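As structure tokens, the structure follows; a few thoughts come after it.
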Amino acid sequence: MNPTHMHRATPRVTASNWTEYRACADTDPDVFTDDDKRVQAFAKDICALCPVRSFCLQFAIDTNTQHGVYGGLDPDERDELLGKRRLPGHGHQGNPEPMWQQILRVPERREKLLDLHARGWSAGRIAGALHTNVQTINRVFSALDEQAQLAASLAEVA
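So this note's numbering is basically just the index in the sequence shown, starting at one, shifted up by 1381.
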């Protein structure tokens, strides 16, 4: 037996770095927030193969996330798991706004994201610090890029 195999360290997955090990890292984030049951089934298939599924589910529960598929469960399934009941016709309680929009809208969260990015943090580390996932962070960066391009275009016109 080769001795180098015996001493190889296994990465330690924690509540702060789990997003770096997601099976969905290369999947369009919209797949996980679509209301279409067929799209949700596709998202759940990805979750079924994920090595950090339990961390993802725990994140959704801890943050009372009321939208999207996390850890292989949609909001209704998470509520059922927790023994919560929804009133018919009232939909999801909590904030239905996507997380990436919340980060852009809440100045403290936006500034924290920009500060960590300026420090050279990876999207995975930023996601952990903001208690979200890499897809959300990448979505925020895309929105910020679009805003910068729009501002540049408006400046050229003026």
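Even glycine gets a Cβ: it sits at the ideal position worked out from N, Cα and C. Since this is a predicted model, take the numbers as computed values, not measurements.
Spanning the alpha carbons of G1509 and S1534 requires a straight line of approximately 34 Å. Taking a C-beta distance under 7 Å as the contact criterion, N1514 and T1400 qualify as a contact pair. If you look at E1461, you'll find it in the alpha helix (DSSP H) that goes P1456 to L1463. For N1519, the uninterrupted alpha helix (DSSP H) run begins and ends at V1515 to V1538, by DSSP.
Closest by C-alpha distance to Q1447, out of V1433, L1463 and S1435, is L1463. Of P1410, R1403, D1455 and C1428, the smallest CA-CA separation from W1481 is found for P1410.
I1442 and E1527 have their C-alpha atoms some 32 Å from each other. Residue environment analysis places P1456 among the buried positions, since at least 16 neighbouring C-beta atoms fall within 10 angstroms of its C-beta. Straight across, the Cα-Cα distance linking E1458 with E1537 is about 50 Å.
A direct Cα-to-Cα measurement between F1423 and L1531 gives close to 34 Å. Its chain contains Y1402, P1432, V1433 and F1436 as the residues whose beta carbon lies nearer than 8 Å to that of V1394, once the 5 sequence neighbours on both sides are disregarded; these appear in chain order.
In this structure, F1440 and H1512 form a Cβ contact; the two beta carbons are roughly 7 Å apart against a cut-off of 8 Å.
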